[in-house]
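In the working numbering, the protein residues as written are 17 to 328.
The beta carbon of each residue, even a glycine, is placed where N, CA and C say it ideally should be.
Remember, it's a predicted structure, so these values are computed and weren't measured experimentally.
Okay, so here's the structure we're looking at.
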């Protein structure tokens, strides 16, 4: 399909149509027909080898059943793809890159997406397609394979964990509710012990269903590094006093202190490369409970905090 065939549509929609056409569009029905024919031919040979002759009532009945089964599977796959493409259309940004989406990526995407029946997972696959159309190369083939193997419940666990993410300007990390035993003074200092501070954060996680076993599961899925030994250091943006800004979920946290602290170190868990890819699909939501908990921990250590919807 060429651009001139879809004149009048926005550029993002035009590119979406081109990618879908490359993946399944213009060749979709002939491809299904060939699959039908091959399935029937293979079945006929197998049955003939077993003593049933093509053309008999038995084989005609079985052929009809096979044809109906193949048709049912392909109709279901087409319905799945239609829903994924619709989710992609809704998620497209106003502007997209002129760079073409890699054809191998497109082929792998539609091969996997056709098997996705869960509405929740179809939304993720649609956002992934929109993101790749917007900026080709955003999602690796490994990320596609990882998402294909995620269950709906595993995807929900990952989404819940993403609401505890902290963007420190260079990386996306999770504030860890399980600090290493040797962390000591690296954690925010104050009248509370490291264990007391961590316990408050751990309770905030658990209230959202992100328990220790869930974090272990996300590590087994190669989405996070759950090593209990990482630290995120927020450095001061100004001399003489401490001021640092980080994004947490959908909001921005400003941390300030009149002291000459040069940094605040917080236990963290890093995302893997696949985790960072799939984090791009996360729609950041409000997490007021965690915001209050993190502010409480920092205030106890002598810092002032301020939350805003936009970068200060």
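Considering only residues of the same chain and omitting the five flanking positions on each side of residue i, which have a CB-CB separation below 7 Å?
i           : result
residue 193 : 214, 217, 218, 221
residue 26  : none
residue 47  : With a pLDDT of 38 at residue 47, under the threshold of 50, the predicted position of this residue should be treated as unreliable, and no value is reported.
residue 298 : 175, 178
residue 274 : 257
residue 276 : 256, 257
Helix, strand or coil for residue i per DSSP?
i           : result
residue 113 : coil
residue 19  : With a pLDDT of 41 at residue 19, under the threshold of 50, the modelled position of that residue is not reliable, and the figure given next carries that caveat. Correct three-state label for residue 19: helix.
residue 191 : strand
residue 217 : helix
residue 255 : coil
residue 149 : helix
residue 226 : coil
residue 324 : strand
residue 246 : strand
residue 103 : helix
residue 175 : helix
residue 239 : coil
residue 156 : coil
residue 314 : helix
residue 300 : coil
residue 308 : helix
At a threshold of 7 Å, does residue i count as lining the ligand HEM (C-beta to nearest heavy atom)?
i           : result
residue 135 : As far as ligands go, the structure on display features none, and thus does not contain the ligand HEM.
Could you pull out every residue in the same chain whose Cβ sits closer than 8 Å to the Cβ of residue i, ignoring the five residues on either side in sequence?
i           : result
residue 241 : 235, 285, 286, 287, 288
residue 271 : 250, 258, 259, 260, 261, 262, 280, 314, 319, 320, 321
residue 309 : 216, 217, 219, 220
residue 324 : 267, 268, 270
residue 85  : none
Would residue i and residue j be called neighbours here (beta carbons separated by less than 8 Å)?
i           : j           : result
residue 102 : residue 147 : no
residue 295 : residue 178 : yes
residue 168 : residue 134 : yes
residue 132 : residue 31  : no
residue 171 : residue 137 : yes
residue 124 : residue 160 : yes
residue 93  : residue 128 : no
residue 155 : residue 166 : no
residue 306 : residue 233 : no
Answer with buried or exposed for residue i, where buried requires no fewer than 16 other C-beta atoms within 10 angstroms of its C-beta.
i           : result
residue 112 : buried
residue 225 : exposed
residue 153 : exposed
residue 28  : buried
residue 96  : buried
residue 223 : exposed
residue 293 : buried
residue 115 : exposed
residue 91  : exposed
residue 237 : buried
Please return the same chain residues whose Cβ sits closer than 6 Å to the Cβ of residue i, not counting the five positions on each side in sequence.
i           : result
residue 311 : 321
residue 278 : 252
residue 231 : 242
residue 8   : No information on residue 8 is available, as it lies outside the stretch 17 to 328 that the chain covers here.
residue 108 : 28, 146
residue 291 : 239, 240
residue 100 : 129, 138, 141, 142
residue 327 : 268
residue 265 : 179, 300, 303
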